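Since the structure comes first, as C-alpha coordinates, the remarks are kept for the end.
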Amino acid sequence: MLFKVSVMPDQPPVQFKQFIRDIGRGQRAGRTLTQQEAEQAMTMLAEDRITPEQKGAFLMLLRVREETAEELAGFTQAFRKFTLGDIKHLKVDLDMGCYAGKRRHLPWFMLAVLLLAQSGKKIFLHGTHEPDSKRLYLDALLPKLGFDVAKTPADAEQMIEQHGFAYMDLKTINPALDQVIQLREFFGLRSCANTLARMLNPSNAPFSIQGIFHRLIDVKHKETAALLNEPNVLCFRGEGGEIEFNPLRDVTLHIARGSVQTSQDVANTLDTYVTKPKELDSAQLIKVWQGEVQDKYAEHATLGTLANMLVLLDSSDWQTAHAKATTMWDQRNKTWPVAKSLQ
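Under the working numbering, residues 15 to 357 are what the sequence shown spells out, in order.
Structure (C-alpha coordinates):
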(Lines of atoms letter the chains of each structure in order from A and count residues from 1; the text may use other names and numbers.)
(Lines give C-alpha, C1' and ligand atoms only; values in the text may rest on other atoms or scores of the structure.)
Protein backbone atom coordinates (compact mmCIF):
# COMPACT_ATOMS: atom_id res chain seq x y z
CA MET A 1 0.00 0.00 0.00
CA LEU A 2 1.07 3.58 -0.59
CA PHE A 3 0.02 4.82 2.82
CA LYS A 4 -1.13 3.65 6.19
CA VAL A 5 -4.73 4.24 7.15
CA SER A 6 -5.25 5.33 10.73
CA VAL A 7 -8.59 5.84 12.47
CA MET A 8 -8.92 8.63 14.98
CA PRO A 9 -10.71 7.42 18.13
CA ASP A 10 -12.65 10.67 18.62
CA GLN A 11 -14.14 10.49 15.10
CA PRO A 12 -14.89 6.85 14.22
CA PRO A 13 -15.35 5.80 10.58
CA VAL A 14 -19.08 5.25 11.12
CA GLN A 15 -19.64 9.00 10.75
CA PHE A 16 -18.40 8.87 7.17
CA LYS A 17 -20.86 6.24 6.04
CA GLN A 18 -23.62 8.86 5.96
CA PHE A 19 -21.85 10.58 3.07
CA ILE A 20 -21.54 7.26 1.23
CA ARG A 21 -25.20 6.52 1.86
CA ASP A 22 -26.30 9.94 0.63
CA ILE A 23 -24.46 9.75 -2.69
CA GLY A 24 -24.97 6.03 -3.26
CA ARG A 25 -28.70 5.52 -2.87
CA GLY A 26 -29.39 5.86 -6.57
CA GLN A 27 -30.98 8.40 -8.87
CA ARG A 28 -34.20 8.78 -6.87
CA ALA A 29 -33.14 8.44 -3.25
CA GLY A 30 -29.58 9.67 -3.52
CA ARG A 31 -28.49 13.29 -3.34
CA THR A 32 -25.46 15.43 -3.94
CA LEU A 33 -23.40 16.97 -1.15
CA THR A 34 -23.41 20.63 -0.28
CA GLN A 35 -20.13 22.51 -0.61
CA GLN A 36 -19.70 22.44 3.17
CA GLU A 37 -20.45 18.70 3.39
CA ALA A 38 -18.06 18.02 0.53
CA GLU A 39 -15.28 19.87 2.31
CA GLN A 40 -15.95 17.95 5.52
CA ALA A 41 -16.03 14.56 3.76
CA MET A 42 -12.86 15.14 1.76
CA THR A 43 -11.02 16.48 4.81
CA MET A 44 -11.81 13.24 6.63
CA LEU A 45 -10.60 11.26 3.62
CA ALA A 46 -7.37 13.28 3.30
CA GLU A 47 -6.63 12.86 7.01
CA ASP A 48 -7.13 9.07 6.79
CA ARG A 49 -9.97 9.16 9.33
CA ILE A 50 -11.87 6.57 7.32
CA THR A 51 -11.26 2.97 6.31
CA PRO A 52 -9.78 1.95 2.94
CA GLU A 53 -13.15 0.40 2.04
CA GLN A 54 -14.95 3.68 2.70
CA LYS A 55 -12.37 5.59 0.69
CA GLY A 56 -12.78 3.34 -2.34
CA ALA A 57 -16.57 3.32 -2.14
CA PHE A 58 -16.78 7.10 -1.84
CA LEU A 59 -14.40 7.87 -4.70
CA MET A 60 -15.85 5.31 -7.10
CA LEU A 61 -19.47 6.27 -6.40
CA LEU A 62 -18.53 9.82 -7.27
CA ARG A 63 -16.75 8.56 -10.38
CA VAL A 64 -19.91 6.83 -11.62
CA ARG A 65 -22.32 9.61 -10.68
CA GLU A 66 -19.94 12.53 -11.49
CA GLU A 67 -19.30 15.40 -9.11
CA THR A 68 -21.23 18.66 -9.05
CA ALA A 69 -19.53 22.05 -9.09
CA GLU A 70 -20.52 22.51 -5.42
CA GLU A 71 -18.88 19.22 -4.47
CA LEU A 72 -15.72 20.02 -6.43
CA ALA A 73 -15.51 23.40 -4.72
CA GLY A 74 -15.77 21.76 -1.29
CA PHE A 75 -13.25 19.06 -2.19
CA THR A 76 -10.81 21.69 -3.45
CA GLN A 77 -11.16 23.68 -0.22
CA ALA A 78 -10.41 20.50 1.72
CA PHE A 79 -7.21 19.58 -0.12
CA ARG A 80 -5.88 23.13 -0.13
CA LYS A 81 -5.43 22.72 3.63
CA PHE A 82 -2.73 20.13 2.92
CA THR A 83 -0.58 22.16 0.50
CA LEU A 84 2.97 22.75 1.68
CA GLY A 85 2.81 26.19 3.28
CA ASP A 86 5.85 27.83 1.65
CA ILE A 87 4.54 27.04 -1.85
CA LYS A 88 1.76 29.57 -1.29
CA HIS A 89 4.31 32.35 -0.85
CA LEU A 90 5.99 31.99 -4.25
CA LYS A 91 5.70 35.18 -6.27
CA VAL A 92 4.26 33.95 -9.56
CA ASP A 93 1.78 35.26 -12.11
CA LEU A 94 0.36 32.06 -13.55
CA ASP A 95 -0.37 28.62 -12.08
CA MET A 96 -0.54 25.62 -14.43
CA GLY A 97 -1.60 22.14 -13.37
CA CYS A 98 -0.16 19.68 -15.92
CA TYR A 99 -1.66 16.29 -15.10
CA ALA A 100 -2.68 14.61 -18.35
CA GLY A 101 0.74 13.89 -19.80
CA LYS A 102 1.26 13.63 -23.56
CA ARG A 103 0.79 10.58 -25.75
CA ARG A 104 0.13 11.69 -29.33
CA HIS A 105 2.29 14.80 -29.52
CA LEU A 106 5.17 16.40 -27.64
CA PRO A 107 4.24 18.92 -24.92
CA TRP A 108 4.51 21.98 -27.16
CA PHE A 109 2.89 24.03 -24.41
CA MET A 110 6.34 24.17 -22.80
CA LEU A 111 7.48 26.45 -25.62
CA ALA A 112 4.56 28.75 -24.79
CA VAL A 113 5.76 28.73 -21.17
CA LEU A 114 9.24 29.75 -22.31
CA LEU A 115 7.83 32.56 -24.45
CA LEU A 116 5.77 33.84 -21.55
CA ALA A 117 8.80 33.64 -19.26
CA GLN A 118 10.86 35.63 -21.76
CA SER A 119 8.24 38.37 -21.56
CA GLY A 120 8.83 38.67 -17.81
CA LYS A 121 5.97 36.58 -16.44
CA LYS A 122 6.55 34.04 -13.66
CA ILE A 123 4.96 30.61 -14.03
CA PHE A 124 4.55 27.73 -11.58
CA LEU A 125 3.83 24.27 -13.00
CA HIS A 126 2.84 21.17 -11.07
CA GLY A 127 1.87 17.63 -11.97
CA THR A 128 2.35 13.97 -11.21
CA HIS A 129 3.20 10.67 -12.85
CA GLU A 130 0.26 8.29 -12.87
CA PRO A 131 0.73 4.55 -12.50
CA ASP A 132 -0.02 2.34 -15.52
CA SER A 133 0.21 5.33 -17.83
CA LYS A 134 2.50 5.32 -20.86
CA ARG A 135 2.37 9.09 -21.30
CA LEU A 136 5.18 11.60 -21.26
CA TYR A 137 5.04 13.67 -18.06
CA LEU A 138 6.98 16.79 -17.17
CA ASP A 139 9.00 15.10 -14.43
CA ALA A 140 10.57 12.91 -17.11
CA LEU A 141 10.71 15.53 -19.86
CA LEU A 142 12.28 18.52 -18.12
CA PRO A 143 15.61 16.87 -17.19
CA LYS A 144 16.01 15.90 -20.86
CA LEU A 145 15.63 19.57 -21.75
CA GLY A 146 18.21 20.60 -19.16
CA PHE A 147 15.80 21.82 -16.47
CA ASP A 148 15.68 20.50 -12.92
CA VAL A 149 12.54 19.44 -11.08
CA ALA A 150 12.18 21.57 -7.94
CA LYS A 151 12.30 19.52 -4.75
CA THR A 152 11.61 22.34 -2.28
CA PRO A 153 9.93 25.77 -2.34
CA ALA A 154 13.43 27.28 -2.17
CA ASP A 155 14.39 25.34 -5.32
CA ALA A 156 11.25 26.59 -7.06
CA GLU A 157 11.96 30.17 -6.07
CA GLN A 158 15.50 29.95 -7.44
CA MET A 159 14.35 28.38 -10.72
CA ILE A 160 11.64 30.98 -11.20
CA GLU A 161 14.21 33.70 -10.68
CA GLN A 162 16.60 32.05 -13.14
CA HIS A 163 14.27 30.73 -15.85
CA GLY A 164 10.92 32.41 -15.21
CA PHE A 165 9.23 29.11 -14.35
CA ALA A 166 9.53 26.11 -12.07
CA TYR A 167 7.96 22.66 -11.88
CA MET A 168 7.25 20.57 -8.78
CA ASP A 169 5.64 17.17 -8.34
CA LEU A 170 2.33 17.01 -6.51
CA LYS A 171 3.76 14.38 -4.14
CA THR A 172 6.02 17.13 -2.78
CA ILE A 173 3.41 19.91 -2.86
CA ASN A 174 0.40 18.03 -1.52
CA PRO A 175 1.11 14.38 -0.60
CA ALA A 176 -2.47 13.77 0.55
CA LEU A 177 -3.90 14.62 -2.87
CA ASP A 178 -1.19 12.75 -4.75
CA GLN A 179 -1.89 9.61 -2.72
CA VAL A 180 -5.49 9.67 -3.94
CA ILE A 181 -4.37 10.05 -7.55
CA GLN A 182 -2.01 7.08 -7.13
CA LEU A 183 -4.96 4.90 -6.08
CA ARG A 184 -5.57 4.42 -9.79
CA GLU A 185 -3.10 1.54 -9.43
CA PHE A 186 -5.74 -0.29 -7.36
CA PHE A 187 -8.96 1.05 -8.92
CA GLY A 188 -7.92 0.91 -12.55
CA LEU A 189 -9.79 4.21 -12.88
CA ARG A 190 -9.09 7.85 -12.22
CA SER A 191 -10.97 9.68 -9.49
CA CYS A 192 -11.96 13.29 -8.97
CA ALA A 193 -8.47 13.85 -7.53
CA ASN A 194 -7.17 14.50 -11.04
CA THR A 195 -9.69 17.30 -11.42
CA LEU A 196 -8.90 18.69 -7.98
CA ALA A 197 -5.17 18.77 -8.70
CA ARG A 198 -5.81 20.98 -11.72
CA MET A 199 -7.89 23.32 -9.57
CA LEU A 200 -5.48 23.34 -6.63
CA ASN A 201 -3.46 26.46 -7.53
CA PRO A 202 -0.92 25.65 -4.79
CA SER A 203 1.15 28.75 -5.53
CA ASN A 204 -1.86 30.97 -4.88
CA ALA A 205 -1.19 32.70 -8.21
CA PRO A 206 -3.61 35.45 -9.35
CA PHE A 207 -4.12 33.58 -12.65
CA SER A 208 -4.69 29.87 -13.23
CA ILE A 209 -5.11 27.96 -16.49
CA GLN A 210 -6.48 24.43 -16.68
CA GLY A 211 -6.75 21.86 -19.46
CA ILE A 212 -9.21 18.97 -19.52
CA PHE A 213 -10.19 16.17 -21.90
CA HIS A 214 -13.85 15.30 -21.49
CA ARG A 215 -16.67 17.40 -22.89
CA LEU A 216 -18.56 19.72 -20.49
CA ILE A 217 -16.00 19.29 -17.69
CA ASP A 218 -14.58 22.65 -18.73
CA VAL A 219 -17.93 24.26 -17.91
CA LYS A 220 -17.89 22.58 -14.50
CA HIS A 221 -14.39 23.94 -13.87
CA LYS A 222 -15.64 27.44 -14.61
CA GLU A 223 -18.63 27.04 -12.28
CA THR A 224 -16.39 25.64 -9.54
CA ALA A 225 -13.98 28.55 -9.88
CA ALA A 226 -16.88 30.97 -9.53
CA LEU A 227 -18.07 29.22 -6.36
CA LEU A 228 -14.55 29.54 -4.95
CA ASN A 229 -14.45 33.18 -6.05
CA GLU A 230 -11.17 32.60 -7.87
CA PRO A 231 -9.85 35.88 -9.35
CA ASN A 232 -8.88 34.60 -12.83
CA VAL A 233 -9.32 31.05 -14.13
CA LEU A 234 -9.40 29.78 -17.72
CA CYS A 235 -10.27 26.19 -18.60
CA PHE A 236 -10.46 24.55 -22.02
CA ARG A 237 -10.39 21.15 -23.71
CA GLY A 238 -6.71 20.75 -24.49
CA GLU A 239 -4.84 18.24 -26.63
CA GLY A 240 -5.00 14.93 -24.81
CA GLY A 241 -6.44 16.74 -21.77
CA GLU A 242 -3.31 18.82 -21.28
CA ILE A 243 -2.93 22.63 -21.17
CA GLU A 244 -2.23 22.76 -24.88
CA PHE A 245 -4.20 24.25 -27.76
CA ASN A 246 -5.12 21.66 -30.38
CA PRO A 247 -4.85 23.55 -33.70
CA LEU A 248 -6.92 20.89 -35.48
CA ARG A 249 -10.04 21.39 -33.36
CA ASP A 250 -12.42 24.21 -32.49
CA VAL A 251 -12.45 24.98 -28.79
CA THR A 252 -14.30 27.11 -26.27
CA LEU A 253 -12.37 29.00 -23.60
CA HIS A 254 -14.30 29.11 -20.31
CA ILE A 255 -13.29 31.95 -18.00
CA ALA A 256 -14.23 32.82 -14.43
CA ARG A 257 -13.15 36.08 -12.85
CA GLY A 258 -14.62 36.06 -9.38
CA SER A 259 -18.33 35.36 -9.79
CA VAL A 260 -18.37 36.55 -13.42
CA GLN A 261 -18.35 33.73 -15.96
CA THR A 262 -17.69 34.20 -19.68
CA SER A 263 -16.59 32.16 -22.68
CA GLN A 264 -14.91 32.63 -26.05
CA ASP A 265 -15.23 30.34 -29.06
CA VAL A 266 -12.01 29.75 -30.98
CA ALA A 267 -11.79 28.15 -34.42
CA ASN A 268 -9.08 25.69 -35.38
CA THR A 269 -6.01 27.28 -36.98
CA LEU A 270 -4.73 24.29 -38.93
CA ASP A 271 -6.70 22.31 -41.51
CA THR A 272 -3.97 19.93 -42.63
CA TYR A 273 -4.18 16.47 -41.08
CA VAL A 274 -1.12 15.70 -38.99
CA THR A 275 0.19 12.19 -38.46
CA LYS A 276 1.40 11.69 -34.93
CA PRO A 277 5.12 10.91 -34.60
CA LYS A 278 6.21 7.33 -34.06
CA GLU A 279 8.01 8.37 -30.88
CA LEU A 280 8.11 11.49 -28.73
CA ASP A 281 11.64 12.83 -29.13
CA SER A 282 12.13 15.64 -26.61
CA ALA A 283 15.05 17.04 -28.62
CA GLN A 284 12.50 18.24 -31.20
CA LEU A 285 11.30 20.87 -28.72
CA ILE A 286 14.76 22.40 -28.63
CA LYS A 287 15.24 22.20 -32.39
CA VAL A 288 11.91 23.89 -33.12
CA TRP A 289 12.69 26.64 -30.58
CA GLN A 290 16.10 27.24 -32.12
CA GLY A 291 14.66 27.31 -35.64
CA GLU A 292 16.63 24.27 -36.77
CA VAL A 293 13.42 22.37 -37.56
CA GLN A 294 10.24 23.75 -39.12
CA ASP A 295 7.15 22.05 -37.71
CA LYS A 296 3.82 23.60 -38.66
CA TYR A 297 1.81 21.69 -36.06
CA ALA A 298 4.28 22.57 -33.30
CA GLU A 299 4.15 26.27 -34.15
CA HIS A 300 0.36 26.36 -34.30
CA ALA A 301 0.07 24.46 -31.01
CA THR A 302 2.58 26.77 -29.33
CA LEU A 303 1.02 30.00 -30.58
CA GLY A 304 -2.51 28.85 -29.79
CA THR A 305 -1.51 27.85 -26.27
CA LEU A 306 0.23 31.16 -25.67
CA ALA A 307 -2.81 33.00 -27.05
CA ASN A 308 -5.01 31.20 -24.50
CA MET A 309 -2.66 32.32 -21.74
CA LEU A 310 -2.74 35.92 -22.96
CA VAL A 311 -6.55 35.92 -23.13
CA LEU A 312 -6.48 35.17 -19.41
CA LEU A 313 -3.59 37.44 -18.45
CA ASP A 314 -4.49 40.45 -20.63
CA SER A 315 -8.30 40.13 -20.60
CA SER A 316 -8.18 40.33 -24.39
CA ASP A 317 -10.05 38.62 -27.21
CA TRP A 318 -8.38 35.60 -28.79
CA GLN A 319 -7.51 37.21 -32.13
CA THR A 320 -5.67 40.04 -30.38
CA ALA A 321 -3.95 37.56 -28.11
CA HIS A 322 -2.92 35.36 -31.04
CA ALA A 323 -1.44 38.34 -32.90
CA LYS A 324 0.61 39.21 -29.81
CA ALA A 325 1.67 35.57 -29.44
CA THR A 326 2.86 35.53 -33.05
CA THR A 327 4.98 38.63 -32.46
CA MET A 328 6.47 37.10 -29.33
CA TRP A 329 7.36 33.95 -31.27
CA ASP A 330 8.94 35.87 -34.14
CA GLN A 331 11.00 38.02 -31.75
CA ARG A 332 12.01 35.25 -29.33
CA ASN A 333 15.57 34.69 -28.23
CA LYS A 334 16.28 31.44 -30.06
CA THR A 335 19.13 30.50 -27.75
CA TRP A 336 17.99 27.60 -25.60
CA PRO A 337 17.82 29.02 -22.04
CA VAL A 338 19.80 26.19 -20.43
CA ALA A 339 23.50 26.08 -21.26
CA LYS A 340 23.91 22.35 -20.60
CA SER A 341 20.79 20.98 -22.20
CA LEU A 342 20.62 17.28 -23.02
CA GLN A 343 20.15 17.52 -26.77
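Don't be surprised by glycine CBs; every beta carbon is placed ideally from N, CA and C. Fair warning: this is a prediction, and the values are worked out from it, not measured in the lab.
{"Item": "For Val-302 and Asp-216, the rounded distance between their alpha carbons", "Value": "The amino acid occupying residue 216 in the given sequence is Pro; Asp does not appear at that position. Cα-Cα distance, rounded: 31 Å."}
{"Item": "Beta-carbon gap between Glu-253 and His-140 smaller than 8 Å", "Value": "no"}
{"Item": "With 16 other Cβ atoms within 10 Å as the buried cut-off, status of Lys-18", "Value": "Below a pLDDT of 50, predicted positions are generally treated as unreliable, and Lys-18, at 43, falls in that range; no measurement from the model is reported."}
{"Item": "Host alpha helix (DSSP H) of His-336 (start-end)", "Value": "332–344"}
{"Item": "Minimum length 4: unbroken alpha helix (DSSP H) runs contained in the region 186–266", "Value": "189–195, 198–201, 207–213 and 231–241"}
{"Item": "Burial state of His-103, where buried means 16 or more other Cβ atoms lie within 10 Å", "Value": "exposed"}
{"Item": "Distance CB(Phe-138)-CB(Ala-180) smaller than 8 Å", "Value": "yes"}
{"Item": "When Asn-347, Val-352 and Ala-353 are compared against Ser-133, the one with the closest alpha-carbon", "Value": "Asn-347"}
{"Item": "Among Asp-331, Glu-313 and Pro-351, nearest to Trp-122 - alpha-carbon criterion", "Value": "Glu-313"}
{"Item": "Proximal residues to Met-173 (C-beta, below 6 Å), its chain only, five neighbours per side dropped", "Value": "Ala-164 and Ala-180"}
{"Item": "Opening and closing residue of the alpha helix (DSSP H) in which Ile-37 lies", "Value": "31–38"}
{"Item": "DSSP-derived helix/strand/coil call for Phe-96", "Value": "coil"}
{"Item": "Own chain, CB closer than 6 Å to Ala-204, minus 5 neighbours either side, in chain order", "Value": "The residue asked about is misnamed: residue 204 is Arg in this sequence, not Ala. Cβ within range, chain order: Arg-198."}
{"Item": "Element boundaries [beta strand (DSSP E), containing Leu-150]", "Value": "From DSSP, Leu-150 is part of no beta strand (DSSP E); its letter is neither H nor E."}
{"Item": "Exposure of Pro-167, with buried meaning 16 or more beta-carbon neighbours within 10 Å", "Value": "buried"}
{"Item": "Proximity winner among Lys-234, Ala-131, Arg-94 and Asp-162, relative to Met-323 (alpha-carbon distances)", "Value": "Ala-131"}
{"Item": "N- and C-terminal bounds of the alpha helix (DSSP H) containing Asp-328", "Value": "310–328"}
{"Item": "Ala-126 classed as buried or exposed, judged by whether at least 16 other C-beta atoms fall within 10 angstroms", "Value": "buried"}
{"Item": "Coarse secondary structure for Phe-161, derived from DSSP in three states", "Value": "coil"}
{"Item": "Stretch pair the region 98–112 + the region 208–225: three plus CB contacts closer than 8 Å", "Value": "yes"}
{"Item": "Boundaries of the beta strand (DSSP E) in which Gln-41 is found, first to last residue", "Value": "Counting along the chain, Gln-41 falls outside any beta strand (DSSP E), and DSSP gives it neither H nor E."}
{"Item": "Collapsed DSSP secondary structure at Lys-135 in the structure displayed", "Value": "coil"}
{"Item": "Alpha-carbon to alpha-carbon, Ile-187 and Asp-295", "Value": "28 Å"}
{"Item": "Of the residues Ala-270, His-268, Ile-269 and Arg-251, the one placed nearest Pro-261, counting alpha carbons only", "Value": "Arg-251"}
{"Item": "Reference Gly-255; option with closest CA among His-143, Ala-114 and Ala-55", "Value": "Ala-114"}
{"Item": "Cβ-Cβ distance between Lys-236 and Ile-269 below 8 Å", "Value": "yes"}
{"Item": "C-alpha distance - Lys-367 paired with Thr-57, whole-angstrom precision", "Value": "With the chain running from 15 to 357 in the structure shown, residue 367 is simply not present."}
{"Item": "Ile-269, DSSP secondary structure in three states", "Value": "strand"}
{"Item": "Paired residues, beta bridge with Ser-277 - DSSP", "Value": "His-268"}
{"Item": "Short Cβ contact (8 Å threshold) for Met-213 with Thr-48", "Value": "no"}
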